[in-house]
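Some notes on the structure that comes next.
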Amino acid sequence: MEILILAFFVLGYLVLAGADIGVGMALPYLGRSPAERREVIAAIAPFFLGNEVWLVAAAGVLAGLFPRLEGELLHGNYPVVVTLLVAWVVRDMGLWLRGRVPGARWQAFWDGAIVAGSWGLALSWGTLLAHVLLGIRGPAAALPALVPAALFGTHGLTFAALRLRGTLRERAAVLSGGAGEWRTYALTSAALVVVGVLAGLRLPLEPGSAGPLLVPVVLTLLPFLVAAQAWVWWTFRHRVSGPSYL
Amino acid sequence: MDTLDLARLQFALTAGAHFLFVALTLGLATIVAVIQTRATFGGNPVHLRMTRFWGQLYLINYAMGIVTGLVMEFQLGLSWSGLTNYAGDVFGSALAIETLAAFFVESTFLGLWIFGWNRLNRWAHLAVIWVVTLTAYASAFFIMTANGFLQNPVGHVLEGDRLRLTDFGAMVANPAAQLAFWHVLVGGLITGAFFVAGVSAYHLCRRTPEQDVFRKSLRIGIGLALPAVFMNAVFGGISFQTLQPAKTAAWTNDAGRLAEAQAEMVARFGPGDYLPPVGWVQAGGITMLTLFAVMLAVAGLSFLLMLFRPVVRGFRLWHWLLVLMIPVPFVTMLSGWIFREMGRQPWAVYGLLRTSEAMSPVTPGQMRFSLIAFCATFAVLIAVNTWLLARQARRGPGAVALGDRPADAPVPVPSF
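So the sequences go chain by chain: A and G. Quick note: the first sequence, position 158, residue 158 per this note's numbering, numbers continuous. Quick note: the second sequence, position 319, residue 1319 per this note's numbering, numbers continuous.
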């Protein structure tokens, strides 16, 4: 059960927050003017807080149910995890700050932070996965790291196609080749889930001793967490019709 | 400095930065939720403008709390895997519940609050900010539970080379956790209260428009600050009775007590230096208590002055005093934290695991890399966000983006 709980949050992160990362990576392609970029960001704006928190939850589950693995995984990949965290911070700050001051230079700078942070996140995840899945470390991991990064980018495009309108929607659909928007989104989601499951199978998933106490608590909380997230998805189920707070 | 010192510095800078923003978050969230409640029930447009203005400042501050918190959570596994290895099965439970029961919900609902403005039903929107506020409290509660365990480990047994949780109730009911939680929570309220009072006083002093907003806000700030300072003295006072013997010895700097604490530890754990750094503990404690006295005096005086409308409008010297008070609770929070955490040294888990044993096998190069990367990023972001907070605070309610747009006019098309 411990493993299923961890898988739930990690896979949830990959599918949900993976789309935010992908949209950030594709921001210069999707949004060609400041106004367009703001609308592209509105596609992920209401979700990004509730999406990235899946990774915080996964780290919490690791700390509580797999404390040994938490330590091994994090300090065993020290430089990659540090880069991932810095990229995450930079991406988030780009999102939070871009709309707080009017002015083209300010917004261009923080848009740049969003793009750089998103690429940094995708490549760090790629490097981490290259290590876990293939055992490749160091500069040689750069090549295999590109595969998951490309997957994040594609996933972001399929999500953007679901959320945007008009020209932006057409641009986002560039890779779908006429297939339905929902089908391509389901496909990239499934691909991310497969990568996540494969990585999980390669990890020494030995639970610690807190399970008997913690697992019932987590299982009780889960319906509430899913309901809270479902409320967000329901509230913002419409296509983007203009800029948001960000 | 050796790698251990660098790892401690890195964690201290991250946790310290996090603590500053989180303190303001706890206070401002409460104040915003209360004002929004009045706006929703009373329908007074002034209260709605107040909600949006203080809500905007709350959000700018909140974002920094999140990003520093992320880095802190992951640092436990990055730099302190000795601690997670040894005690993760115990205090990791508190962290896990914190992320799931508190932060997960807080973050999800905060998105709903920001972007659901003018879109959600106003009662639902009000419920959302209260969920955000209460889960922020819950977050502080479980983090202090984890910290309380490190200060005064209870509810566990040692099995082999790691601890196992035997009594979750005991871990939560730990006085070192409970008292500290209330102390920190009320400290957060004080921080928010002086912030609101100070920013309001600035606008009253400069005679900016929207005097009504700031007269009401000033009263809320001071009306909260005075009882909160009193309450905090109570929790802080009782906490002094739960200090570890070595911390008490360092605080009093009594040679006899220090020798006694050291001798007792040597008898239990063999030769070594078991005393916390006296200078840090004393400086932290004295700063905290001195600034507490300053806050008590200013809050008491201000409580009397705010009863007179002409004084609220025109007593500029007092306005400036309140503006100068804005940083004081922050410094007090930090010094109290230094007192508590430096006084725990050299232990990571008091009496069980030394800080030097808690570290991951990380190379000096790796540690320098992460320290520089985190410090550079956070230094820039803290500077930008502080500037932004000050800018937004100065510009007043007229320039607030939060919730200023009616729900989208075009007929929305469902995307899923």
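We put the CB at the ideal spot given by N, CA and C, even for glycine. All values reported here derive from a predicted model rather than from experimental measurement.
Supposed contact pair residue j and residue i - C-beta distance, whole angstroms, cut 8 Å
i, j, result
"PRO1276 of chain G", "GLN1345 of chain G", "5 Å"
"MET1295 of chain G", "VAL1328 of chain G", "6 Å"
"LEU1402 of chain G", "GLY1055 of chain G", "5 Å"
"ALA140 of chain A", "LEU123 of chain A", "Not a contact, Cβ separation roughly 14 Å."
"ALA1039 of chain G", "THR1030 of chain G", "Actually they are not in contact, since the Cβ atoms of ALA1039 of chain G and THR1030 of chain G sit about 15 Å apart, beyond 8 Å."
"SER1239 of chain G", "ALA1180 of chain G", "7 Å"
"PRO148 of chain A", "LEU129 of chain A", "5 Å"
"LEU69 of chain A", "LEU205 of chain A", "7 Å"
"PRO67 of chain A", "THR1099 of chain G", "About 14 Å; that fails the 8 Å criterion."
Three-way DSSP call (helix, strand, coil) for residue i in this model
i, result
"ARG1008 of chain G", "helix"
"TRP1080 of chain G", "coil"
"ARG68 of chain A", "helix"
"ARG1164 of chain G", "strand"
"ARG1354 of chain G", "strand"
Residue i to residue j span [Cα, whole Å]
i, j, result
"SER209 of chain A", "VAL240 of chain A", "46 Å"
"GLY120 of chain A", "GLY242 of chain A", "28 Å"
"VAL1311 of chain G", "PHE1369 of chain G", "54 Å"
"GLY1300 of chain G", "PHE1230 of chain G", "10 Å"
"MET1144 of chain G", "ARG1394 of chain G", "34 Å"
"ALA104 of chain A", "VAL194 of chain A", "41 Å"
"ARG1049 of chain G", "ARG1215 of chain G", "13 Å"
"GLU1485 of chain G", "PHE1074 of chain G", "Nothing about residue 1485 of chain G can be reported from this structure: the residues present for chain G run from 1001 to 1416 only."
"LEU1307 of chain G", "ALA1201 of chain G", "15 Å"
"ALA7 of chain A", "ILE21 of chain A", "20 Å"
"LEU95 of chain A", "PHE159 of chain A", "18 Å"
"ALA108 of chain A", "LEU1163 of chain G", "51 Å"
"ILE3 of chain A", "THR1248 of chain G", "44 Å"
"LEU213 of chain A", "LEU73 of chain A", "24 Å"
"LEU84 of chain A", "GLU1106 of chain G", "23 Å"
"ASN77 of chain A", "ALA191 of chain A", "24 Å"
"ALA1409 of chain G", "ASN1118 of chain G", "No answer about ALA1409 of chain G holds up, because its pLDDT of 48 lies below 50 and its placement is not dependable."
"SER1139 of chain G", "VAL1131 of chain G", "12 Å"
"LEU1258 of chain G", "TRP1080 of chain G", "28 Å"
"LEU1204 of chain G", "HIS1319 of chain G", "7 Å"
"GLY211 of chain A", "ALA161 of chain A", "41 Å"
"MET1376 of chain G", "LEU14 of chain A", "Checking the sequence, you will find Ala at residue 1376 of chain G rather than Met. The straight-line gap from Cα to Cα measures roughly 28 Å."
"ALA1225 of chain G", "LEU1321 of chain G", "15 Å"
"ASN987 of chain G", "ALA1012 of chain G", "Lying outside 1001 to 1416, the shown extent of chain G, residue 987 of chain G is not represented and no answer is given."
Range covered by the beta strand (DSSP E) that runs through residue i
i, result
"HIS1156 of chain G", "1156-1159"
"ALA1348 of chain G", "1347-1349"
Extent of the continuous alpha helix (DSSP H) run through residue i
i, result
"HIS131 of chain A", "Unbroken run through HIS131 of chain A: none, as it is neither H nor E."
"PRO79 of chain A", "78-97"
"GLY1403 of chain G", "Element bounds for GLY1403 of chain G: n/a, residue is neither H nor E."
"ASN1232 of chain G", "1211-1239"
"PHE1141 of chain G", "1122-1151"
"ASN1385 of chain G", "1364-1395"
"TYR1202 of chain G", "1175-1205"
"LEU247 of chain A", "This structure leaves residue 247 of chain A out entirely; chain A is present only between 1 and 246."
"MET1265 of chain G", "1255-1269"
"ARG1119 of chain G", "Segment: none, ARG1119 of chain G is in no alpha helix (DSSP H) and carries neither H nor E."
"GLN229 of chain A", "211-235"
"GLU1098 of chain G", "From DSSP, GLU1098 of chain G is part of no alpha helix (DSSP H); its letter is neither H nor E."
"TYR185 of chain A", "181-202"
"MET1288 of chain G", "1278-1305"
"PHE1315 of chain G", "Element bounds for PHE1315 of chain G: n/a, residue is neither H nor E."
Residue i at chain B interface by Cβ criterion, 7 Å
i, result
"ILE1220 of chain G", "Annotation note: the requested chain B is absent from the structure, which comprises protein chains A and G."
Any 3 or more C-beta pairs closer than 8 Å across the region 1347-1359 of chain G and the region 1060-1075 of chain G: Between the region 1347-1359 of chain G and the region 1060-1075 of chain G there are fewer than three inter-stretch CB-CB distances shorter than 8 Å, so the stretches are not counted as touching.
How about the region 1278-1291 of chain G and the region 1331-1343 of chain G: do they share at least three Cβ pairs that are nearer than 8 Å? Result yes; three or more Cβ-Cβ pairs closer than 8 Å.
Spell out a yes or no on whether the region 29-47 of chain A and the region 165-175 of chain A are touching, meaning 3 or more CB-CB pairs, one atom from each, closer than 8 Å. Yes: at least three Cβ pairs fall under 8 Å.
Would you call the region 138-158 of chain A and the region 176-190 of chain A in contact, with 3 or more CB pairs under 8 Å? Yes, since at least three Cβ pairs between the region 138-158 of chain A and the region 176-190 of chain A fall closer than 8 Å, the two stretches touch.
Touch check for the region 49-60 of chain A and the region 24-32 of chain A: three-plus C-beta pairs under 8 Å? Judged by Cβ distances under 8 Å, the region 49-60 of chain A makes no contact with the region 24-32 of chain A, as fewer than three pairs qualify.
Pair every Cβ in the region 1177-1192 of chain G with every Cβ in the region 1014-1033 of chain G, then say whether three or more of these pairs are closer than 8 Å. Taking a cut-off of 8 Å for Cβ pairs, the region 1177-1192 of chain G and the region 1014-1033 of chain G touch, as three or more such pairs fall below it.
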